[in-house]
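Here the structure is laid out as structure tokens; the discussion comes afterwards.
Residue numbers (full-length UniProt numbering): 1 to 453.
Below, the structure written as structure tokens:
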């Protein structure tokens, strides 16, 4: 059920990309203005987990899912008939807020199918049918969650053997007998108070030099990928004359790239970790294997090297693909005659696949390393990671149409590629000084723990 609910975050952000041009015509605004709806979506997507996460850890998972899905359904309903751009923009932000609590491992799959589905709906039924579809689908999922999803927060539900009541009890349990193994809850621990400090806790991680460096470098790659995706509709419609249906299919290489990139990154990280673990055990006889540790890695284990070992060649592919991409989508009047053949669309689509794969690989590696550097703070590291990448992505998407208009397509993507080259120095800094910063943070934490005792 949670996996099904998790489809909506990636689906909502990508399903209407093929319809950006149709939306601009219907609402009588420029394509640059429509791009602001992507910007608002990303901003809210970055901020919302700072709100939903702490709430789910205090009042419970089920109430948060019900509340967020209710917001999501209302937003899609408004989007389906929004009379003007202002209402559309606000509703798009609400849609992002409602879907932000449903991110899951199936997100990459929804990124792949979303534009295709959106293209089909927009081409045959108009772009507003996209939001009607999302309203109906999310409504059905909400009903399923209300009927079958129990509370899972351990403080409230124990290990699944405590009887639930009120909002924590799925509706199906009200008409069936509880299993015999279930017990009365007795005295539950008092619900922690939700304060401003609770929501601000993840922000403290931004004060750590190594963590902010990784977040910014990974966020830059994510931003450029978002800029490419957001500009695809306008570029491909002008360059290749695609309608909404074909635009939806044109997003497939990008979607498959996100899936492949995340999968390959997992394999690469596993291989690199084993290599550095073996080297560590050879030089530290008798030391426990880092892979067996349930807590933080040993302070002298080079986790930074283990995670970043393959970053250079992945980044190189990303940079070359990005710099080349702009030249493959030049306006028709700037092309040599032989390049005007429609079959040339295969080249930018292939580059989109490479850019999506490498950017998601970089982001997966960064995310994993940030999580490694924040043992016991997985939720906070995920929230702050999401905040930085979405905020940077929002800025990039907000300016991409202006850059394309003033610098040109080739100039824009070459400039973005060079920016990544400059930002790559951050990985060198992390490689050489990351362990030292981590050790200093651990010493400071140990000193504070000693003082408390």
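Note that CB positions come from ideal geometry on N, CA and C, so glycine has one too.
Secondary structure of residue i, DSSP reduced to three states
{"i": "residue 23", "result": "helix"}
{"i": "residue 433", "result": "helix"}
{"i": "residue 280", "result": "helix"}
{"i": "residue 376", "result": "coil"}
{"i": "residue 322", "result": "helix"}
{"i": "residue 15", "result": "coil"}
{"i": "residue 333", "result": "helix"}
{"i": "residue 86", "result": "helix"}
{"i": "residue 363", "result": "helix"}
{"i": "residue 48", "result": "helix"}
{"i": "residue 407", "result": "helix"}
{"i": "residue 104", "result": "Only weak support exists for where residue 104 lies, its pLDDT of 49 falling under 50; the coordinates are left without a value."}
{"i": "residue 311", "result": "helix"}
{"i": "residue 447", "result": "helix"}
{"i": "residue 197", "result": "helix"}
{"i": "residue 57", "result": "helix"}
{"i": "residue 267", "result": "helix"}
{"i": "residue 175", "result": "coil"}
{"i": "residue 298", "result": "coil"}
{"i": "residue 123", "result": "helix"}
{"i": "residue 29", "result": "coil"}
{"i": "residue 424", "result": "coil"}
{"i": "residue 254", "result": "helix"}
{"i": "residue 341", "result": "coil"}
beta-carbon residue i near the ligand ZN non-hydrogen atom, thresh 7 Å
{"i": "residue 359", "result": "Questions concerning the ligand ZN fall outside what the structure shown contains, since it holds no ligand whatsoever."}
Reference residue i, options the options, closest by Cα
{"i": "residue 407", "options": "431, 331, 353", "result": "331"}
{"i": "residue 354", "options": "172, 422, 229, 239", "result": "229"}
{"i": "residue 61", "options": "9, 45, 150", "result": "150"}
{"i": "residue 44", "options": "27, 68, 370", "result": "68"}
{"i": "residue 211", "options": "26, 365, 51, 417", "result": "365"}
{"i": "residue 421", "options": "301, 315, 263, 126", "result": "315"}
{"i": "residue 148", "options": "94, 134, 65, 202", "result": "65"}
{"i": "residue 320", "options": "214, 267, 399, 352", "result": "352"}
{"i": "residue 396", "options": "71, 227, 284", "result": "227"}
{"i": "residue 260", "options": "373, 12, 357, 32", "result": "357"}
{"i": "residue 111", "options": "87, 370, 29, 9", "result": "9"}
{"i": "residue 368", "options": "27, 139, 272, 54", "result": "272"}
{"i": "residue 200", "options": "171, 134, 262, 53", "result": "53"}
{"i": "residue 404", "options": "98, 139, 115, 234", "result": "234"}
{"i": "residue 114", "options": "15, 33, 169", "result": "15"}
{"i": "residue 267", "options": "285, 327, 307", "result": "307"}
{"i": "residue 195", "options": "57, 447, 133", "result": "57"}
{"i": "residue 303", "options": "443, 75, 434", "result": "434"}
{"i": "residue 206", "options": "370, 34, 13", "result": "370"}
{"i": "residue 214", "options": "80, 386, 70", "result": "386"}
{"i": "residue 138", "options": "122, 125, 76", "result": "76"}
{"i": "residue 301", "options": "87, 263, 72, 288", "result": "288"}
{"i": "residue 373", "options": "208, 309, 398, 243", "result": "208"}
{"i": "residue 361", "options": "311, 25, 243, 29", "result": "311"}
Range of the contiguous alpha helix (DSSP H) that encloses residue i
{"i": "residue 244", "result": "244-250"}
{"i": "residue 142", "result": "128-148"}
{"i": "residue 79", "result": "61-79"}
{"i": "residue 168", "result": "Taken as a continuous stretch (DSSP letters only), residue 168 belongs to no alpha helix (DSSP H), as it is neither H nor E."}
{"i": "residue 288", "result": "That residue, residue 288, is in no alpha helix (DSSP H); it is neither H nor E in DSSP."}
{"i": "residue 304", "result": "303-308"}
{"i": "residue 231", "result": "209-240"}
Residue i classed as buried or exposed, judged by whether at least 16 other C-beta atoms fall within 10 angstroms
{"i": "residue 166", "result": "exposed"}
{"i": "residue 295", "result": "exposed"}
{"i": "residue 342", "result": "exposed"}
{"i": "residue 238", "result": "exposed"}
{"i": "residue 439", "result": "exposed"}
{"i": "residue 392", "result": "buried"}
{"i": "residue 333", "result": "exposed"}
{"i": "residue 117", "result": "buried"}
{"i": "residue 283", "result": "exposed"}
{"i": "residue 224", "result": "buried"}
{"i": "residue 105", "result": "The predicted position of residue 105 is uncertain, since its pLDDT is 47 and thus under 50; a value taken from the coordinates is nonetheless stated next. Classification of residue 105: exposed, given that the 10 Å Cβ count is below 16."}
{"i": "residue 203", "result": "exposed"}
{"i": "residue 21", "result": "buried"}
{"i": "residue 376", "result": "exposed"}
{"i": "residue 27", "result": "buried"}
{"i": "residue 11", "result": "buried"}
Would you call the region 401-418 and the region 274-286 touching, i.e. three or more CB-CB distances under 8 Å? no
Report task. Report yes or no: do three or more beta-carbon pairs, one from the region 418-429 and one from the region 247-260, lie closer than 8 Å? Result -> no
Does the pairing of the region 46-56 with the region 370-390 give three or more beta-carbon distances under 8 Å? yes
- [ ] Could you tell me whether the region 215-227 touches the region 89-102, using the rule of 3 or more Cβ pairs below 8 Å?
- [x] no
### Query
Below 8 Å, can you find three or more Cβ-Cβ pairs linking the region 292-306 to the region 237-251?
no
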